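Residue numbers (my numbering): 2 to 273.
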């Protein structure tokens, strides 16, 4: 009797890609049913732009540079950093509703589940970045860099957002409620973003704070963007842009190296 040939199972790599995309598509389809998350993040960011641009801009000394040119790279990074907190809220919500428990019973790699969530949030972050560029243009911001530098800067922001999503996933896995994920997601982001060069020059900060702000990953990324986006306009910033960009990439890799295993380890402990 001839044995029925079984279809070969996909190898680990293609299976991981397929599972990750399945998870990402599930979350993206659910986005229209949760417009408040996207709306609140968007409105909050627009308020930051308007407040800093028109209320605080005239009082902050940026060395003769138009404040809107100084501000918008910081706003871009802050917006996508805060997106990581939204990732944590979504992860905690899935935990509370038992969705994660259901996926644990399926032959899906935990890495795929988390990669899918990070990818879906990266797609939303891309739309938010496009919208923020539009808001910046309306308030006077302009790109003056080369196409290569502008693309490199935008890619760096999105990689940064992807890395921060993993921090949000980890927070969503370790807390008990959505409310705790919201508090835990933002409580560390506010000092990280405001104690950086995102909104004011580091040189204007107290000496004790400058030591932290100078090596803050937000500062490194924002300074890289300012140099790349204003190539040839502010040469003093552009000189260090590439170095800052490489240091930012090192931070991104470091975050992923630390938090991807932490997320997988936490998931496996929950499965026991």
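Idealized CB from N, CA, C, for every residue including glycine. Quick caveat, the model's predicted, so the values are computed rather than measured.
Could you please give the first and the last residue of the uninterrupted alpha helix (DSSP H) stretch that includes residue i?
i: residue 201; result: From DSSP, residue 201 is part of no alpha helix (DSSP H); its letter is neither H nor E.
i: residue 99; result: From DSSP, residue 99 is part of no alpha helix (DSSP H); its letter is neither H nor E.
i: residue 111; result: 111-139
i: residue 154; result: 148-175
i: residue 184; result: 179-188
i: residue 225; result: 218-230
Please return the same chain residues whose Cβ sits closer than 7 Å to the Cβ of residue i, not counting the five positions on each side in sequence.
i: residue 237; result: Only weak support is given to the placement of residue 237: the predicted model assigns it a pLDDT of 48, under 50, and the value that follows is read from those uncertain coordinates. Same-chain partners within the cutoff: there are none.
i: residue 253; result: 160, 161, 164
i: residue 197; result: 214, 217, 219, 220, 223
i: residue 176; result: 93, 182, 185
i: residue 70; result: 142, 231
i: residue 127; result: 159
Near residue i, which residues of its chain fall below 6 Å by C-beta distance, leaving aside the five closest residues on each side in sequence?
i: residue 245; result: 221, 224, 225
i: residue 144; result: 151, 230
i: residue 56; result: none
Can you tell which of the options has the C-alpha that lies nearest to the C-alpha of residue i?
i: residue 194; options: 82, 19, 140; result: 82
i: residue 68; options: 26, 231, 219; result: 231
i: residue 136; options: 74, 180, 124; result: 74
i: residue 147; options: 22, 228, 17; result: 228
i: residue 92; options: 192, 122, 109, 106; result: 122
i: residue 112; options: 21, 174, 61; result: 21
i: residue 247; options: 175, 115, 114, 157; result: 157
i: residue 118; options: 94, 141, 50; result: 94
i: residue 116; options: 27, 251, 212, 103; result: 27
i: residue 124; options: 30, 61, 58; result: 30
i: residue 90; options: 191, 168, 205; result: 168
Please look up how many angstroms separate the CB atoms of residue i and residue j, rounded, as I've assumed it's under 8 Å.
i: residue 171; j: residue 267; result: 7 Å
i: residue 129; j: residue 88; result: The pair is not a contact, with the Cβ atoms about 13 Å apart (cut-off 8 Å).
i: residue 97; j: residue 187; result: With 8 Å as the limit, residue 97 and residue 187 do not qualify as a contact, their Cβ atoms being about 18 Å apart.
i: residue 201; j: residue 61; result: 6 Å
i: residue 50; j: residue 140; result: 6 Å
i: residue 264; j: residue 174; result: 6 Å
Starting from the C-beta of residue i, find all residues in its chain whose C-beta is less than 8 Å away, skip the five residues before and the five after it, and write them out in chain order.
i: residue 132; result: 43
Can you find a CB in chain B that lies within less than 9 Å of the CB of residue i?
i: residue 256; result: Absent from the structure: chain B. Only one protein chain is present.
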